[in-house]
Amino acid sequence: MLTVPNFISALRLPLALVFIKQDLLYRSIALILAMITDGLDGFLARRYKQSSAFGTVLDPIMDRFFVFFLIGIFMNEGSLGIWEVSTMVCRDFAVLLFGFYLVFSGKLSSYRFRAIWCGKVTTCVQFLVFFGLTLGLAIPSIVYLLFIVLGCLALVELYLSKESHPETSF
């Protein structure tokens with residue numbers, strides 16, 4: 000279903016492609032626009048009652064595409080090493096682990112998927128790291144350690160959220 004919020008979510012794909020070109024201005028603008036679209040799509044969907052099952056899937060897919068594409072670009076340029084990348088995807092690993100838990104415990108169909116607080120914080124920190132890397136700044140190791148902590152907290156938050164919504168369906 001093509002709605003304005005879904006179109007805004009889809010814009011993160013071409014914004015990621017801007018990073019193929021090593022241009023500080025273009026990359027900075029793309030990051031700012033990606034940050035805006037990341038919050039605006041959900042806001043508009045809720046505000047104008049344009050939420051859809053498609054949008055619920057599209058938004059996180061575009062988020063992950065944007066993040067993983069940029070990680071690949073920065074790795075290729077030598078700005079990120081495997082250790083930094085491993086930490087940056089801790090939240091995604093936590094979500095994957097939780098998904099396996101839901102599947103193997105037979106609870107997938109009754110789980111109500113929603114955004115989690117740790118995910119929002121992780122996304123914010125990822126954008127800050129991408130800005131720093133775009134500007135050629137050295138990112139302190141403590142920032143990458145924060146991704147590990149956020150990944151662990153995401154797993155806890157997901158597990159606890161399943162207890163608060165036991166009867167809802169997907």
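Numbering-wise (my numbering), the sequence shown opens with residue 0 and increments by one. C-beta: ideal position from N, C-alpha, C; glycine also. Model, not experiment: these values are computed from the prediction.
- In chain order, Arg90 and Leu149 place their CB closer than 6 Å to the CB of Thr121, counting only its own chain and leaving out the 5 sequence neighbours on each side.
- Leaving aside the five residues that flank Cys117 on each side, the residues in its chain whose CB is nearer than 7 Å to its CB run, in chain order, Arg90, Leu149, Leu152, Ala153 and Glu156.
- With 16 or more other Cβ atoms inside 10 Å of its own Cβ, Gln125 counts as buried.
- Per the coordinates, the alpha-carbon of Val128 lies some 7 Å from the alpha-carbon of Ile138.
- Taking the Cα of Asp37 as reference, the smallest distance to any Cα among Asp58, Ser85 and Phe67 is reached at Asp58.
- In this structure, Ala44 sits near Pro4, with a CB-CB distance shorter than 8 Å.
- CA-CA distance, Glu76 to Leu30, rounds to 17 Å.
- Using a 10 angstroms sphere on the CB of Asp40, the tally of other CB atoms reaches 16 or more, which defines it as buried.
- The alpha carbon of Ile28 has as its nearest neighbour, out of Lys106, Thr133 and Cys123, the alpha carbon of Thr133.
- Counting only unbroken stretches of 4 or more residues, the alpha helix (DSSP H) elements lying wholly within the region 22-71 are 23-46, in sequence order.
- For Phe73 and Leu24, the gap between their C-alpha atoms comes out near 16 Å.
- Taking a C-beta distance under 8 Å as the contact criterion, Arg26 and Phe65 do not qualify as a contact pair.
- Apart from sequence neighbours up to five positions away, the residues of its chain that approach Gly54 with a beta-carbon distance below 8 Å are Met0, Thr2, Pro4, Asn5, Ser8, Asp40 and Ala44, ordered along the chain.
- Between Tyr143 and Glu83, the C-beta spacing is below 8 Å.
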